[in-house]
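Undergrad: Before I ask anything, let me first share the structure, which is written out below as structure tokens.
Residue numbers (mature numbering (1 follows the signal peptide of the UniProt record, and there is no 0)): -25 to -1, 1 to 198.
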């Protein structure tokens, strides 16, 4: 009986010792992994690149793009597209019937203090300024300004970059054929020669002027 009791006690002690050793090994392993992470890469090792979140989108190589459309004062239908990163190019195209024009404006919106915090409002105000411009694409002194950037540097406002290409189809009635003008002048000259020749043939030299006048009265415009 005493032997059985001693054996039982020894088995219990062995089980407790085993559980303690397993717990100790697991704790040492976790501490070793944390220490390795904090140490960083060793000499000669390449650091592992950070894993990028799938929700994070990379920026476009062409920069940001903003666009819109509006109706100008003269009822021309216009569209605009702004592209860039630091410096933006604002392209404007307007059409009405057979008339079409396009031009470009340039600016640096980031120089406006409120641009980064409220980009959406900035471009809404630029679209409104384009619509209100009475001489769009022609007045190089008129700047396209956002109301929120009135006190910003001049670079924050869009300035005309080049003169527009204006395509207008003229009505045919405004162009007078050159051949008709030359034909009428030639006819008048030939009539004068005929009158002088008749006066010299049928009248004396002293009466040639009077005869020429007489022939001009009786002849029609076509001789």
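Cβ coordinates follow ideal geometry from the N, Cα and C atoms, glycine included.
1) With residue 73 as the anchor, note down where its alpha helix (DSSP H) starts and where it stops.
2) Contact defined as beta carbons within less than 8 Å: I believe residue 93 pairs with residue 60. What is the distance between those atoms, to the nearest angstrom?
3) Let me know the secondary structure DSSP gives residue 130 once reduced to three states.
4) Quick check on residue 90: does DSSP put it in helix, strand or coil?
5) Closest by CA to residue 43, which one among 75, 90, 98?
6) So, under 8 Å CB-CB, residue 67 and residue 78 are touching, yes? Tell me the CB distance rounded to an integer number of Å.
7) Give the secondary structure of residue 121 by DSSP, where H, G and I count as helix, E and B as strand, and everything else as coil.
8) Residue 131 and residue 83 - do their beta-carbons sit closer together than 9 Å?
9) Let me know the secondary structure DSSP gives residue 199 once reduced to three states.
10) Starting from the C-beta of residue 129, find all residues in its chain whose C-beta is less than 8 Å away, skip the five residues before and the five after it, and write them out in chain order.
11) Could you round the C-beta distance between residue 88 and residue 121 to whole angstroms and report it? I think they count as a contact, below 8 Å.
12) For residue 71, which residues of its own chain have a beta-carbon under 8 Å away from its beta-carbon, when the five flanking residues on both sides are left out?
13) Using CA coordinates, which residue listed in 41, 135, -5, 75 is at the minimum distance from residue 113?
14) Mapping the DSSP letters down to three states, classify residue 96 as helix, strand or coil.
15) Rounded to whole angstroms, how far is the Cβ of residue 57 from the Cβ of residue 45, which I believe are closer than 8 Å?
TA: The answer reads as follows:
1) Sequence index remark: in the chain shown, residue 73 carries index 98 (1-based). Looking at the DSSP string, residue 73 is not in any alpha helix (DSSP H), and its letter there is neither H nor E.
2) Locating residue 93 in the chain shown gives position 118, counting from the first residue. Locating residue 60 in the chain shown gives position 85, counting from the first residue. Actually they are not in contact, since the Cβ atoms of residue 93 and residue 60 sit about 18 Å apart, beyond 8 Å.
3) To locate residue 130, count along the chain shown from 1; it is residue 155. In this structure, residue 130 counts as helix in the three-state DSSP scheme.
4) Residue numbering aside, residue 90 sits at position 115 when the chain shown is read from its first letter. Of the three classes helix, strand and coil, the one that applies to residue 90 here is coil, per DSSP.
5) The residue given as residue 43 occupies position 68 in the chain shown. It is 98 whose Cα lies nearest to the Cα of residue 43.
6) Your numbering for residue 67 matches position 92 in the chain shown. Your numbering for residue 78 matches position 103 in the chain shown. Right, their Cβ atoms sit about 5 Å apart.
7) Position 146 of the chain shown holds residue 121. Coil.
8) Here the question's residue 83 lines up with position 108 in the chain shown. Here the question's residue 131 lines up with position 156 in the chain shown. Yes, they are a contact pair.
9) Since the first and last residues shown for the chain are -25 and 198, residue 199 lies out of range.
10) Walking along the chain shown from the start, residue 129 turns up at place 154. Only 118 meet the Cβ criterion.
11) Residue numbering aside, residue 88 sits at position 113 when the chain shown is read from its first letter. Residue numbering aside, residue 121 sits at position 146 when the chain shown is read from its first letter. Not really, about 11 Å apart at Cβ, beyond 8 Å.
12) The residue labelled residue 71 in the question sits at position 96 within the chain shown. Counting only Cβ-Cβ distances below 8 Å, and skipping sequence neighbours, we find 49, 50, 51, 52.
13) In the chain shown, residue 113 corresponds to position 138, counting from 1. Among 41, 135, -5, 75, the Cα nearest to that of residue 113 belongs to 135.
14) Position 121 of the chain shown, counting from 1, holds the residue named residue 96. The answer is helix: DSSP assigns residue 96 an H, G or I state.
15) Looking up residue 57 in the chain shown gives position 82. Looking up residue 45 in the chain shown gives position 70. About 13 Å; that fails the 8 Å criterion.
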